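K.L.:
Take this structure, written in C-alpha cells, and hold onto it; I'll ask about it next.
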Amino acid sequence: MEFDPIASATTPIAANHEPAFVHEADIAEAEAKQAQFTNRHGTKQPNILVVLMDDVGWGDFGCYGGGVAVGAPTPNIDALARRGVQLTSAYSEPSCTPSRATLLTGRLPMRHGLQRPPMYGEPGGLQGEVTLAELLSDAGYITQAVGKWHLGENIESQPQRVGFDDFYGFLSVSDMYTEWRDPYFFPEIVYSKARTDWVENQPFNKSFVHATRDGDLEPVEEVTIPVLSELDQKWCAYSEKFLHRMAGEDRPWFLYHNTRGAHFDNYPHESYLGVSPAKHPYKDTIVELDDIVGRLVDVLTETGQLEDTIIVISSDNGPEEETWPDAAYTPFRCAKGSTWEGGVRVPMVVAWPGMIDPGRVTDGLFDFNDVLPTLMSLAERTDLIPSDRFIDGVDQSSFLLASNGLSNRKYHYYWLGQAFSGLRCGEYKLVLNAISDDPISQADTQGGGGFSGAFQKFPYGKLFNLYLDPKETHSYLVRKLAYQDALVGQVARHRATFAPPYEPKRVVGLNV
Ligand code: CA
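Rendered as C-alpha cells:
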C-alpha cells in the first residue's frame with residue numbers, strides 16, 4: 001500500500017516506546033550509507049554538533065522565508081540548509097526548559113517533570129533522568145556543553161554531573177542575569193539600594209561558570225550587562241578551541257553549543273550594533289548568531305572534520321511576543337508559551353555532507369524527543385537507551401539519511417504544562433486545550449503572547465488543516481468526523497501510556 005501519514009499503521013517498538021513508522025527502503029538506504037561512512041572514515045560513530053538557539057522563531061532564517069525579508073540576513077545558516085536537510089515541521093516544547101530537557105532525555109515534559117522553566121534559583125531539574133550526554137559518554141564520546149543550560153541550578157542537575165566532561169556557560173536564562181540591572185526595565189530596583197541588595201542576596205547564580213566532570217562550579221565572571229553582550233563571542237571562541245583540539249582526537253565528540261541569543265533582553269556585541277538592515281537589537285543578534293554558525297562550520301572544514309560530523313541547528317521554542325519588538329518572527333499563530341504552532345514549531349537544519357543529501361526540504365514530523373534515539377542510532381548504540389522508563393522519541397535516522405526519507409513519527413503530541421493540549425497527524429491538528437491569544441483575554445498585556453492568555457478548554461476540540469490553514473483560524477471538526485479514531489481515539493491511546501509503571505512526573509508545573 002502507498003504510504004500515507006494518516007492511513008498507514010505504525011509498528012510497535014516496545015511497551016515503553018512510542019510506536020514508529022518503519023520504512024524498509026529508507027532503512028536499507030541509510031544502512032548502506034552508514035557502511036560507506038565506516039569504510040571511508042574507519043569509524044562507525046560521527047561527531048555531533050548541536051547548536052541550540054534561544055527563542056529564535058521559525059521564520060527568522062532566510063531559508064524559512066525570513067532573513068533579508070525581515071531585516072536580518074542569515075547567509076551561513078541558509079548555506080548549511082542547502083548542504084543538508086531543512087525540516088519545516090520540527091517541534092519543540094512551548095518554552096526553554098521543557099524543550100531542552102526533552103532534547104536531552106528523549107522524553108516528554110510530563111515524563112521528565114520540567115513543565116516550565118525554573119527561575120531565580122527555584123529548586124528542581126534533571127534529577128532521576130538519563131541524558132543524551134551520559135549515553136554518548138558511555139558510547140565513547142568526548143562531551144562538551146557550552147552556553148545556556150537552564151535545566152536546574154541544583155548540583156545534581158548541573159551539566160558536569162549529567163554526562164558532560166566540561167561546561168562553560170551559564171546555568172539559567174539570559175534575562176535573569178540582567179533584567180534587574182537595566183534601569184530602563186527595572187528603575188525601581190536599579191535606583192533602590194534596598195531592592196538591589198534584596199535581589200543580590202537571592203540564592204541564584206549570578207556568574208557564568210566553568211566546570212569539569214563531577215567537579216564543582218568555578219565562577220568565570222559576573223554577568224553584568226556589558227559582560228552579557230560578550231557572551232556569545234566568548235562561548236563561540238570556547239567551542240572553536242574545542243573543535244580545534246578535537247581534530248587530533250581518535251574518539252568521537254559531542255558538542256552541545258547553546259547560544260545566549262536571541263532571548264530577551266538582547267544586547268548585541270558592540271561589533272554587531274546596527275549591522276542588520278533592521279538595526280534593532282534582536283535583528284543584530286540574529287546576524288551575530290548566523291556568524292557564529294559560520295565560524296563553527298569553518299573550523300570543522302579547516303580541520304577536516306566536516307564530513308565526520310552531523311550538525312543540527314535549531315531553536316528551543318517560538319518567539320517571545322510579550323517583549324516585542326525584542327522578538328522573533330513566526331508566520332504561525334501565537335508565540336512562545338503556547339501550543340499554537342507559533343509557540344512550538346521551530347526551525348531545524350540538519351547537515352552531514354556526504355551522508356545527508358543536499359538541498360532537501362521536508363515537512364515530515366520531527367520532535368525534539370527524537371534527537372536522543374536518532375543520535376544514539378547514528379552512534380550505533382541504541383542498546384544504551386534506558387529500558388526502565390518510557391521513551392517518547394523515535395529513531396529518525398532513516399528519515400534523515402535516505403534521499404527521499406519519510407518521517408518515522410506518526411503523531412506529534414502537544415502538552416501545555418501538565419495539560420494535554422492536542423496532537424498532529426499528517427496535515428491535521430486536533431486542539432483540546434490551549435492558551436487563549438484572543439485580544440479580550442490579553443487586553444492587559446503589551447503585545448499578545450503565549451504566557452499571557454487564559455487557559456481555554458474546547459470540550460469537543462478544534463480541528464485545523466495546517467496545509468490549508470497554517471495560522472489555525474478555521475476549525476472544522478464537524479466536517480471531518482472520519483478522522484475520529486485517528487485523532488480523538490489517539491488522544492486516549494496516548495494518555496494510556498502514562499499508566500503505571502510510567503506515571504507522570506512533576507518537578508515544576510503550570511497553573512492549569
Ligand atoms: Ca527559549
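Just so you know, we're using the numbering used here here: the sequence shown kicks off at 1 and counts up by one.
Idealized CB from N, CA, C, for every residue including glycine.
Owing to the predicted nature of the structure, the values given are computational and were not obtained by experimental measurement.
Does DSSP put C334 in a helix, in a strand, or in coil?
P.N.:
DSSP places C334 in coil when its eight states are reduced to three.
K.L.:
Please classify H474 as buried or exposed, where buried requires at least 16 neighbouring CB atoms within 10 angstroms.
P.N.:
Counting Cβ neighbours within 10 Å, H474 comes out exposed, since fewer than 16 surround it.
K.L.:
Taking contact to mean 3 or more Cβ pairs, one atom from each stretch, closer than 8 Å, check whether the segment 311–320 and the segment 343–356 are in contact.
P.N.:
Result yes; three or more Cβ-Cβ pairs closer than 8 Å.
K.L.:
Between Q233, R295, S95 and L104, which lies nearest to A133 when the distance is taken from Cα to Cα?
P.N.:
Out of Q233, R295, S95 and L104, L104 has the C-alpha closest to the C-alpha of A133.
K.L.:
Where does the unbroken alpha helix (DSSP H) through L103 begin, and where does it stop?
P.N.:
Counting along the chain, the alpha helix (DSSP H) containing L103 begins and ends at C96 to T105.
K.L.:
Tell me which same chain residues have a C-beta within less than 8 Å of the C-beta of G215, skipping the five on either side of it?
P.N.:
Q160, listed in sequence order.
K.L.:
Can you give, in chain order, each stretch of the alpha helix (DSSP H) that sits fully within the segment 326–377 and has at least 4 residues?
P.N.:
Segments of the alpha helix (DSSP H) lying fully in the segment 326–377: 341–344.
K.L.:
Could you spell out where the alpha helix (DSSP H) holding Y467 opens and where it closes?
P.N.:
Here Y467 belongs to no alpha helix (DSSP H), and DSSP marks it neither H nor E.
K.L.:
Take the Cβ of T301 as the centre, count every other Cβ of all protein chains shown within 10 Å, and call the residue buried at 16 or more, exposed below.
P.N.:
Exposed, because fewer than 16 other Cβ atoms sit within 10 Å of the Cβ of T301.
K.L.:
Quick one: residues in its chain with C-beta nearer than 8 Å to the C-beta of F3, no 5 flanking neighbours on either side, listed in chain order?
P.N.:
Only F21, H23 and L406 meet the Cβ criterion.
K.L.:
For T11, write down the residues that DSSP places opposite it in a beta bridge.
P.N.:
In DSSP, T11 forms a bridge with A20.
K.L.:
As a quick exercise: from V56, T339 and D60, pick the residue whose alpha carbon is nearest that of V431.
P.N.:
When only C-alpha atoms are compared, the closest one is T339.
K.L.:
Examine ligand 1 and report whether any of its heavy atoms sits within less than 7 Å of the Cβ of S314.
P.N.:
No, since every heavy atom of ligand 1 falls outside the 7 Å radius drawn around the Cβ of S314.
K.L.:
Of the residues F451, G422 and D437, which one's Cα is nearest the Cα of A492?
P.N.:
Checking every option, the nearest Cα to that of A492 belongs to G422.
K.L.:
Going by alpha carbons, who is nearest to R181 out of Y168, E222, E218 and Q144?
P.N.:
Among Y168, E222, E218 and Q144, the Cα nearest to that of R181 is on E222.
K.L.:
For the 8 Å Cβ check, are there 3 or more pairs between the segment 352–364 and the segment 67–78?
P.N.:
In short, these stretches do not touch, since the Cβ pair count stays below three.
K.L.:
Kindly list the residues whose CB is nearer than 7 Å to the CB of E307, restricted to its own chain and excluding five residues on each side of it in sequence; keep chain order.
P.N.:
Here the set comprises P353 and G354.
K.L.:
Quick one, are the C-beta atoms of Q456 and N47 less than 8 Å apart?
P.N.:
In this structure, N47 does not lie closer than 8 Å to Q456 by Cβ.
K.L.:
Is any heavy atom in ligand 1 found nearer than 7 Å to the beta carbon of H263?
P.N.:
Checking the Cβ of H263 against ligand 1 gives yes.
K.L.:
Among L87, F332 and L401, which has the Cα closest to the Cα of L466?
P.N.:
Nearest C-alpha to L466: F332.
K.L.:
Check whether the Cβ of S95 sits closer than 7 Å to any heavy atom of ligand 1, and report yes or no.
P.N.:
Checking the Cβ of S95 against ligand 1 gives yes.
K.L.:
Identify the continuous beta strand (DSSP E) that holds M53 and give its terminal residues.
P.N.:
Its beta strand (DSSP E) spans residues N47 to M53.
K.L.:
Quick check on this structure: which residue in F451, F254 and T362 has the alpha carbon closest to the alpha carbon of V51?
P.N.:
If we check each option's Cα against that of V51, F254 comes out closest.
K.L.:
Give a yes or no on whether the C-beta atoms belonging to Y168 and Y238 are separated by under 8 Å.
P.N.:
In contact: Y168 and Y238 (Cβ atoms closer than 8 Å).
K.L.:
Please classify A145: does DSSP put it in a helix, a strand, or coil?
P.N.:
The answer is strand: DSSP assigns A145 an E or B state.
K.L.:
For a test of the three-state rule: what should DSSP assign to N258, helix, strand or coil?
P.N.:
Note: N258 maps to strand in three-state DSSP.
K.L.:
Quick one: give me the first and last residue of the beta strand (DSSP E) that V220 is part of.
P.N.:
It spans E218 to E222 - the beta strand (DSSP E) in which V220 sits, taken as one unbroken run.
K.L.:
DSSP state of Y524, grouped into three classes?
P.N.:
Any question about residue 524 goes unanswered here, given that the chain covers just 1 to 512.
K.L.:
For L384, which residues in the same chain have their Cβ closer than 8 Å to its Cβ, ignoring the five residues on either side in sequence?
P.N.:
Once the five neighbours on either side are set aside, the close Cβ partners of L384 are L135, D138, A139 and M376.
K.L.:
Given that a residue counts as buried once 16 or more other Cβ atoms are within 10 Å of its Cβ, and exposed if not, what is A262?
P.N.:
Per the 10 Å Cβ criterion, buried.
K.L.:
Please list the segments of the beta strand (DSSP E) lying wholly inside the segment 285–329, counting only runs of 3 or more residues, in order along the chain.
P.N.:
Taking only runs of at least 3 residues, the beta strand (DSSP E) segments lying wholly in the segment 285–329 are 309–315.
K.L.:
From N201 to F185, what does the alpha carbon distance come to, in whole angstroms?
P.N.:
So the two alpha carbons sit approximately 20 Å from each other.
K.L.:
Across the segment 360–369 and the segment 400–417, are there enough close Cβ pairs to call them in contact, namely three or more that are closer than 8 Å?
P.N.:
As far as the Cβ criterion goes, the segment 360–369 touches the segment 400–417, which means the pair count is three or higher.
K.L.:
For the alpha helix (DSSP H) that contains C63, what are its first and last residues?
P.N.:
Taken as a continuous stretch (DSSP letters only), C63 belongs to no alpha helix (DSSP H), as it is neither H nor E.
K.L.:
With burial defined as no fewer than 16 other Cβ atoms inside 10 Å of the residue's Cβ, what is the status of A328: buried or exposed?
P.N.:
Buried, by the Cβ-count rule.
K.L.:
Suppose contacts are defined by Cβ-Cβ distances below 8 Å. Is N433 in contact with A419 by that definition?
P.N.:
Taking 8 Å as the Cβ cut-off, N433 and A419 qualify as a contacting pair.
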